[in-house]
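Q: Dumping the structure here so I can ask a few things about it.
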Amino acid sequence: MNAGTTPLSVKLTGVMSSSAEATAEEAAALIEANFVGRTSIVHIPDGRAFCGTFLCVDSGSNIILSDTDELRLTSSGGTSSRNVGMVMIPGNCVVKIEVQRDLPQHAAPTSEQAPLSGSMAQAGWPDDDSMYA
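Residue numbering for the sequence shown is 24 to 156, as defined by this note's numbering.
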């Protein structure tokens with residue numbers, strides 16, 4: 024997990040409820056306050072992760088990120104990335120979302136990036152290493 028990011032415990036499918044208009048408005052406010060415009064890392068089942076700016080989510084929990092990098096583990100245990108621009112991640116493919124938290128006023132942002140979790144190595148990766156930096 025990157026410094027400055029924290030897993031958000033709100034499950035998107037649990038946020039949207041068909042019970043009342045007020046609940047939908049509360050869910051929209053929650054998403055806007057905690058997701059929209061923040062750097063987010065979305066993990067998918069094959070072990071890859073996408074790090075980009077969270078733009079929106081729909082009722083199917085499909086997520087759109089902009090300025091996105093695709094992250095993956097290499098065979099040597101390191102990480103590699105490639106820029107993929109704007110992406111839509113289907114809601115049924117979302118395993119976990121990490122959202123950058125606000126840093127205190129006195130804290131300076133760090134450019135250090137922590138390596139991805141070793142558990143990502145359990146899944147298969149795309150084979151073409153030339154696509155990654």
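Ideal Cβ placement from N, Cα and C applies to all residues, glycine included.
#1: What are the boundary residues of the beta strand (DSSP E) that C79 is part of?
#2: Quick check on T91: buried or exposed, where buried means 16 or more other Cβ atoms within 10 Å of its Cβ?
#3: At the level of alpha carbons, what is the spacing between S82 and E55?
#4: In three-state terms, what does DSSP make of N106?
#5: Quick check on L53: buried or exposed, where buried means 16 or more other Cβ atoms within 10 Å of its Cβ?
#6: Give the C-beta separation of V65 and L96 to the nearest angstrom, bearing in mind that I take them to be a contact with Cβ-Cβ under 8 Å.
#7: Taking all protein chains shown into account, decide if A72 is buried (16 or more other Cβ within 10 angstroms of its Cβ) or exposed.
#8: Taking only three categories from DSSP, how would you classify I86?
A: Quick answer:
#1: Secondary structure note for C79: its beta strand (DSSP E) is the uninterrupted segment A72 to V80.
#2: Buried, because 16 or more other Cβ atoms sit within 10 Å of the Cβ of T91.
#3: Each residue's Cα considered, the two are about 14 Å apart.
#4: Note: N106 maps to strand in three-state DSSP.
#5: Taking a 10 Å sphere around the C-beta of L53, we find fewer than 16 other C-beta atoms and assign the residue as exposed.
#6: Beta-carbon to beta-carbon, V65 and L96 are separated by about 16 Å, too far to satisfy the 8 Å threshold.
#7: With a 10 Å radius around the Cβ and a threshold of 16 neighbouring Cβ atoms, A72 comes out buried.
#8: DSSP, read as helix, strand or coil, puts I86 in strand.
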